[in-house]
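A.B. asks: Below you will find the structure I want to go over with you.
Dropping the structure here:
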């Protein structure tokens, strides 16, 4: 389904290998009962699948053996393939938040930080978490990171961090953490070993999605001491590093869930061709056939939007506005696709007989991940106003 022009044969071969692995080896795991309290795969299941991925040569496939990354357009074809099952990104080590964390450390980490924190992540031996969002009822940071209340202060050759965080994906069971806090100089970003007794998980809620091991925890950071050499860059540079991570991580969500919706549409199409009602297959009824036709249109538009934004990032641009446009367009398109797949399949579509019901839930949550649609539109509207004023000055 991908726009392959200009993408290396190497990347296309990796994507094909990943797709074959996901379809043959990962999809059968979708019925595996090893799940946690909110339905997410346990770490035991994840690590078992990763052993198969390692043997098949598709573990962390977007990072090459010499440590270099595929470019963003090439990463897209690989991550779309890994997303054909909700378990695929976990098995192949292309899932959030790890993929974004690996990207950031690969770009900005010192050799020492890469060896200590990045290497075990790339090898698929540990999971990571990104500690930024804070409880809304305490006035903490969400879509507006400037509201951050978690603090850090220097103490000798350490920094001491205090605060509360919420919706921290994968915190339970993670071994590497990236913690954002504010100092007098501004935002700071730290690499920490997990678990740490100074980080207490207070609650892991049941959520609409169920693909992320460790859930989305609320936690308290109580006098966490971090060596100064585990700060990424210098004090006050945290938001700059967050921007390095932001657009690629935002776009990789689009890649993975596009893969899931491709698969959901395959399942719905198969159902519509096999199921008969009122004397003919469902697909021959215009109401159903038109929904599947609209899915093809939305799938292609999502694919092209991802490829366009990835191309912008490959120029070296931060792609802030472009990734906002892609996030809105792709997440809304995938929501329409997932909804139509459920509708086409009727009663079967709302059961766990297939992954269609899960994809619907996951994509609904994706419309909020990495900034809800409304925040991205607001950001784009501000850019429109800035550009208008600049053109008149």
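In the numbering used here, the protein residues as written are 1470 to 1862.
Positions of the beta carbon are idealized from the N, C-alpha and C atoms, including for glycine.
This one's a predicted model, so the numbers in the text were calculated from it and none came from an experiment.
1) Rank 1757, 1666, 1483 and 1501 by C-alpha distance to the C-alpha of residue 1823 and give the top, closest one.
2) How many Å lie between residue 1558 and residue 1860 at the Cα?
3) Using 8 Å as the Cβ pair cut-off and three pairs as the minimum, do the segment 1812–1819 and the segment 1726–1743 touch?
4) On the CB-based measure, 16 or more other CB atoms within 10 Å of its CB, does residue 1666 come out buried or exposed?
5) Under 8 Å by Cβ, that's how I've got residue 1684 and residue 1596 pegged, so tell me the actual separation to the nearest angstrom.
6) Using 8 Å as the cut-off, can you tell me whether the segment 1626–1633 makes contact with the segment 1684–1701, which would need three or more C-beta pairs spanning the two stretches below that distance?
7) With burial defined as no fewer than 16 other Cβ atoms inside 10 Å of the residue's Cβ, what is the status of residue 1634: buried or exposed?
8) Can you round the beta-carbon distance between residue 1808 and residue 1835 to whole angstroms, since I take them to be within the 8 Å contact cut?
9) Between 1660, 1592, 1758 and 1600, which has its C-alpha nearest residue 1689's C-alpha?
10) How big is the Cα-Cα spacing for residue 1591 and residue 1744?
11) One question on the structure: do residue 1641 and residue 1673 come within less than 8 Å of each other, judged by their Cβ atoms?
12) Nearest chain B C-beta to residue 1719 closer than 8 Å, yes or no?
13) How long is the line joining the alpha carbons of residue 1854 and residue 1847, rounded to whole angstroms?
14) Could you tell me the distance, in whole angstroms, from the CA atom of residue 1671 to the CA atom of residue 1757?
15) Going by C-alpha distance, which of 1560, 1540 and 1609 is nearest residue 1498?
16) From the DSSP secondary-structure annotation, give me the bridge partner or partners of residue 1749.
17) Taking residue 1765 as the reference, give the member of 1778, 1790, 1731 and 1786 with the closest Cα.
18) Name the two residues that bound the continuous beta strand (DSSP E) containing residue 1600.
19) Here's the rule: buried if 16 or more other CB atoms are within 10 angstroms of the residue's CB, otherwise exposed. What is residue 1857?
20) Whole angstroms is fine: what's the gap from residue 1845's alpha carbon to residue 1746's?
21) Within its chain, find whatever has a CB closer than 7 Å to the CB of residue 1483; leave out the 5 residues flanking it on each side and keep chain order.
22) Need the endpoints of the alpha helix (DSSP H) that residue 1833 sits in, please.
23) Out of 1580, 1514 and 1570, state which residue places its alpha-carbon closest to the alpha-carbon of residue 1644.
24) Could you have a look at residue 1495 and say whether DSSP puts it in helix, strand or coil?
25) Would you list the residues sitting across from residue 1561 in a DSSP beta bridge?
26) When burial is assigned at 16 or more other CB atoms within 10 Å of the CB, is residue 1491 buried or exposed?
27) Give every residue of the same chain whose Cβ lies closer than 6 Å to the Cβ of residue 1617, excluding the five residues on either side of it in the sequence, and list them in chain order.
28) Taking contact to mean 3 or more Cβ pairs, one atom from each stretch, closer than 8 Å, check whether the segment 1773–1787 and the segment 1521–1541 are in contact.
29) Mapping the DSSP letters down to three states, classify residue 1701 as helix, strand or coil.
30) Quick one: give me the first and last residue of the alpha helix (DSSP H) that residue 1527 is part of.
31) State the DSSP-derived secondary structure class of residue 1724, mapped to helix, strand or coil.
32) Give a yes or no on contact between the segment 1785–1800 and the segment 1708–1728, applying the rule of three or more CB pairs nearer than 8 Å.
33) Keeping to the same chain, check which residues put their C-beta closer than 6 Å to that of residue 1699; ignore five residues upstream and five downstream.
34) Which residue wins for smallest C-alpha separation from residue 1741, given the options 1837, 1752 and 1748?
35) When the Cα of residue 1785 is compared with those of 1605, 1714 and 1647, which residue comes out closest?
36) Per the DSSP calculation, residue 1632 is bridged to which residue(s)?
C.D. replies: Reading it off the structure:
1) For the residues 1757, 1666, 1483 and 1501, the minimum Cα distance to residue 1823 belongs to 1501.
2) Distance between the alpha carbons of residue 1558 and residue 1860: 44 Å.
3) Touching, yes.
4) Classification for residue 1666: exposed.
5) Rounded to whole angstroms, the Cβ separation of residue 1684 and residue 1596 is 12 Å, and the two are not in contact under 8 Å.
6) Because the criterion of three Cβ pairs below 8 Å is met, the segment 1626–1633 and the segment 1684–1701 touch.
7) Buried is the call here.
8) Contact annotation, residue 1808 with residue 1835: C-beta distance approximately 13 Å; criterion of less than 8 Å not satisfied.
9) Of the listed residues, the one whose Cα sits closest to residue 1689 is 1600.
10) The alpha-carbon atoms of residue 1591 and residue 1744 are separated by roughly 44 Å.
11) Less than 8 Å divides the Cβ of residue 1641 from the Cβ of residue 1673.
12) The structure shown contains no chain B; it holds only a single protein chain.
13) As the crow flies, the alpha-carbon of residue 1854 is around 11 Å from that of residue 1847.
14) Spanning the two alpha carbons is a distance of roughly 46 Å.
15) The shortest C-alpha separation from residue 1498 is found at 1560.
16) According to DSSP, residue 1749 bridges with 1746.
17) Nearest option by C-alpha distance: 1731.
18) Residues 1597–1600.
19) Counting the other Cβ atoms within 10 Å of the Cβ of residue 1857 gives fewer than 16, which makes it exposed.
20) Spanning the two alpha carbons is a distance of roughly 42 Å.
21) Excluding residues within five positions, the ones whose Cβ falls inside 7 Å are 1530 and 1547.
22) Start and end: 1825–1835.
23) When each option's Cα is compared against that of residue 1644, the closest is 1570.
24) Helix at residue 1495.
25) Partner(s): none; residue 1561 has no beta bridge.
26) Buried, since its Cβ has 16 or more Cβ neighbours within 10 Å.
27) Take residue 1617, set aside five residues on each side of it, and the residues of its chain with a beta-carbon closer than 6 Å to its own are 1610 and 1651, in chain order.
28) Counting Cβ pairs under 8 Å, three or more are found: they touch.
29) For residue 1701, the three-state secondary structure derived from DSSP is coil.
30) Premise fails: residue 1527 is in no alpha helix (DSSP H) and is neither H nor E.
31) Looking at residue 1724 - three-state DSSP - the assignment turns out to be helix.
32) Touching, per the Cβ criterion.
33) Taken in chain order, the residues that qualify are 1659 and 1660.
34) Ranking 1837, 1752 and 1748 by Cα distance to residue 1741 puts 1752 first.
35) Nearest in C-alpha terms to residue 1785, of all of 1605, 1714 and 1647, is 1714.
36) Partner(s): 1690.
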